[in-house]
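Here's the structure, in structure tokens; my notes come after.
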Amino acid sequence: MVSFGQYEELLQEGFDQIIEDDKIVYFEHQALRNPLASFKRFNEASEDLPYLQVISYHHMPIMGFINEGTYFSPEKLRLKNDQKQFQIRLQPNIRTRFGYYTDPYEVKLGLILDTRIYLASGFSFIGGLEIPIQNNLDNQSGAIRPAPSMLNFMRKLSPSDYIAFSAGLFFVDRYGFDFEYRHQALFSNFSYGLETSYTGFYRFEGFRYTTRNFSSFSLITDIEYQMPFENLSLRLSAGRWLFEDFGFRLDLTRRFDRTEYGLYAASTEFGSSAGFQFACQLFPGVIAKHKKVLLRTTEEFRYKYSYDSQLPAARRFQKSIPRLADILRNFNK
Amino acid sequence: MLLFLVTFQYSKAQVSVYGKPGLVSIPTAEWFENKPFGVSYAFVPDAYASNLFRTNLEAPKNRARIVGFRAQFTSFFEVGFNLTQLLEIKDRIGIGDRHMDARFRLLKENNKQPSLVLGVTVPFSQAPVVNHDYIVATKTLGNLKLSLGYGSPYQMQTGDNSNLFRSIKFEAKDSPQGNDYLVGFFGGASYQLSDNLGITAEYNTNTINTGVFYKYDFFIIQLNSFEFKTLSLTLSSHYSLE
Numbered sequence: 002m003v004s005f006g007q008y009e010e011l012l013q014e015g016f017d018q019i020i021e022d023d024k025i026v027y028f029e030h031q032a033l034r035n036p037l038a039s040f041k042r043f044n045e046a047s048e049d050l051p052y053l054q055v056i057s058y059h060h061m062p063i064m065g066f067i068n069e070g071t072y073f074s075p076e077k078l079r080l081k082n083d084q085k086q087f088q089i090r091l092q093p094n095i096r097t098r099f100g101y102y103t104d105p106y107e108v109k110l111g112l113i114l115d116t117r118i119y120l121a122s123g124f125s126f127i128g129g130l131e132i133p134i135q136n137n138l139d140n141q142s143g144a145i146r147p148a149p150s151m152l153n154f155m156r157k158l159s160p161s162d163y164i165a166f167s168a169g170l171f172f173v174d175r176y177g178f179d180f181e182y183r184h185q186a187l188f189s190n191f192s193y194g195l196e197t198s199y200t201g202f203y204r205f206e207g208f209r210y211t212t213r214n215f216s217s218f219s220l221i222t223d224i225e226y227q228m229p230f231e232n233l234s235l236r237l238s239a240g241r242w243l244f245e246d247f248g249f250r251l252d253l254t255r256r257f258d259r260t261e262y263g264l265y266a267a268s269t270e271f272g273s274s275a276g277f278q279f280a281c282q283l284f285p286g287v288i289a290k291h292k293k294v295l296l297r298t299t300e301e302f303r304y305k306y307s308y309d310s311q312l313p314a315a316r317r318f319q320k321s322i323p324r325l326a327d328i329l330r331n332f333n334k
Numbered sequence: 006m007l008l009f010l011v012t013f014q015y016s017k018a019q020v021s022v023y024g025k026p027g028l029v030s031i032p033t034a035e036w037f038e039n040k041p042f043g044v045s046y047a048f049v050p051d052a053y054a055s056n057l058f059r060t061n062l063e064a065p066k067n068r069a070r071i072v073g074f075r076a077q078f079t080s081f082f083e084v085g086f087n088l089t090q091l092l093e094i095k096d097r098i099g100i101g102d103r104h105m106d107a108r109f110r111l112l113k114e115n116n117k118q119p120s121l122v123l124g125v126t127v128p129f130s131q132a133p134v135v136n137h138d139y140i141v142a143t144k145t146l147g148n149l150k151l152s153l154g155y156g157s158p159y160q161m162q163t164g165d166n167s168n169l170f171r172s173i174k175f176e177a178k179d180s181p182q183g184n185d186y187l188v189g190f191f192g193g194a195s196y197q198l199s200d201n202l203g204i205t206a207e208y209n210t211n212t213i214n215t216g217v218f219y220k221y222d223f224f225i226i227q228l229n230s231f232e233f234k235t236l237s238l239t240l241s242s243h244y245s246l247e
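Which chain is which? The protein sequence lines are A and B, in order.
Note that the first sequence covers residues 2 to 334 in this note's numbering.
Note that the second sequence covers residues 6 to 247 in this note's numbering.
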């Protein structure tokens, strides 16, 4: 058994959703993007656990650890959520547009407070409220409004095939449906996947909302190659993007234990586009902790900057949890 | 052990006003080992901001504020991003000049050879006042580091904003914007007085500038002077991200 003291210590170290089931201990540590660093830290914090250890993500088991150098890809798990803690997550929502002469720094910043409720294995609700802080980007009201909130279902179909289905409200004012499939074998340098969405525009002014009809169907396929050095990956994506432009996009991403950054260049019917993005855990992690409630900053804050020649080209929207490619990339050491 | 010490010394770079390994305003061929990510903030006073960026134009006096990011992708390739704001004419030029460049380490320094870096500006900028393309070598001799480089009098620039990648043309740097930052030979030296403290001097193709730097952990403060006439400040911070 993970003793109460150990459990506290693990929580302090940032481990989350620690669940024991039939001599297997499952845990999540989304702050450490590198799973091997997670296993190492877990073993340092909990001495001599006679268990197999499995890192899961939203209760979807991804990678198992037997000993250093021996890993496996767990396929199935039987477990229910016995986590009785209510977690509140702080996450800034930032959109920027730079360079218009009349107002060169257009920034829309809100603070999202959301929570995740695990309804069944791999099935969760993620949602909450957004507190607007600054907005000189558009005319959306400054009243508190619902944050992008959605139902999410993730499942591992085989040791190397994953799906995620989401329905609800997404970032950049899109509502609708999103489906992702990804094939990634453990320690394979190649992975590939597909993302498709059917969405429309929505907007909340406080709690009053307007929606427009479904207006965008996107379908993007990609192949990613993990270079054998520097934790560098190269991803080529092509298809029909969020604003229904056909074209391709090349991403170069470098990963670290706690963060990643990347560059991209794209060319679609809308012209060309280039930019950078980074993703990191936000300081300080756990802010306040009570037996029943935990307040923490987000494990993955992602910011993207794009320089477009004309219309926004080769865009996708973010969801309340990272996309499969961004999650699984880290399990490809 | 000795090797470790030597490597450690090589990695002790400071930055130019653009946040790239450099002295006061020139880049050097130094490389931040194990510190792949950096941010920087530089303030360049009146006359020298104009000097640095557009001597050929009758620009008004300009204080410049330069924000920079630096991200390494491999041990020989890094990307830099800059925003240069000319504070006196902020209203006229909007956000300022957005600049992006790539640095390639062609040679890694060892006992026999200097390090050699090629810097290339990405040809997207609509106001290419700080474009610079150069090659520079740096050699460490004990506490002294010497750098010598050459900046190209030509630049690459996209001629068609509807597609950033097509219609890239070469043009003389002094043609549309009067940019004479790093045109011709430049060079300089830095000398480490102690583990944390050092001094620099450089010739940036226009002026001779000097500075003092102090390094504390991941933080570097640089107090510089342009021709001993006016002071400039550069702050930067560099991270391992592991």
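Think of the CB as a built atom: it goes at the ideal place given N, C-alpha and C, for glycine as much as any other residue.
- Across the stretch 282 to 308 of chain A, CB contacts with chain B closer than 7 Å involve 308, in sequence order along the chain.
- For residue 258 of chain A, a Cβ of chain B is located within less than 9 Å of the residue's own Cβ.
- For residue 327 of chain A, the enclosing alpha helix (DSSP H) starts and ends at 325 to 329.
- The way I'd put it, the stretch 213 to 220 of chain A does touch the stretch 235 to 250 of chain A; three or more beta-carbon pairs between them come closer than 8 Å.
- Against chain B, a Cβ distance below 7 Å from residue 253 of chain A picks out 78.
- At a Cβ-Cβ threshold of 9 Å, residue 27 of chain B and residue 44 of chain B do not count as neighbours.
- Chain A places a beta carbon closer than 9 Å to that of residue 103 of chain B, counting this residue as a contact.
- Counting only unbroken stretches of 3 or more residues, the beta strand (DSSP E) elements lying wholly within the stretch 246 to 288 of chain A are 247 to 256, 260 to 269, 272 to 281, in sequence order.
- Per DSSP, residue 88 of chain B lies in no alpha helix (DSSP H); the unbroken beta strand (DSSP E) holding it starts and ends at 82 to 91.
- Where residue 41 of chain A is concerned, the enclosing alpha helix (DSSP H) starts and stops at 36 to 46.
- In this structure, the beta-carbon distance from residue 153 of chain B to residue 141 of chain B falls below 9 Å.
- In this structure, DSSP gives residue 23 of chain B a state outside helix and strand, which the three-state scheme calls coil.
- In this structure, residue 242 of chain B sits away from residue 218 of chain B, with a CB-CB distance that is not shorter than 9 Å.
- Within chain B, the residues whose beta carbon sits less than 8 Å from that of residue 231 of chain A are 78, 79, 80, listed in sequence order.
- Only residues of its own chain outside the window of five on either side were considered, and among them 109 have a CB closer than 8 Å to the CB of residue 139 of chain A, listed in chain order.
- Cβ atoms of residue 177 of chain A and residue 200 of chain A come within 8 Å of each other, at about 3 Å.
- Between residue 247 of chain B and residue 259 of chain A, the C-beta spacing is below 9 Å.
- Around the Cβ of residue 261 of chain A, a 10 Å sphere holds 16 or more other Cβ atoms; the residue is buried.
- DSSP, read as helix, strand or coil, puts residue 34 of chain B in coil.
- Within the same chain, Cβ atoms closer than 8 Å to the Cβ of residue 190 of chain A are found at 226, 227, 228, 229, 333, the five residues on either side in sequence being excluded.
- Among the residues of chain A, none has a CB under 9 Å from the CB of residue 218 of chain B; the nearest is roughly 26 Å distant.
- The continuous stretches of beta strand (DSSP E) do not include residue 316 of chain A, and DSSP gives it neither H nor E.
- Within the same chain, and ignoring the five residues on either side of residue 36 of chain A in sequence, the residues whose Cβ sits closer than 6 Å to its Cβ are 56, 64, 332.
- Beta-bridge partners assigned by DSSP to residue 71 of chain A: A:68.
- Assigned with DSSP and collapsed to three states, residue 138 of chain A falls in coil, not helix or strand.
- Among the residues of chain B, none has a CB under 9 Å from the CB of residue 110 of chain A; the nearest is roughly 17 Å distant.
- Remark: C-beta atoms of residue 156 of chain B and residue 121 of chain B do not approach each other more closely than 9 Å.
- For the pair residue 17 of chain A and residue 30 of chain A, the CB atoms are nearer than the 9 Å cut-off.
- Around the beta carbon of residue 267 of chain A, 16 or more other beta carbons sit within 10 angstroms, so the residue counts as buried.
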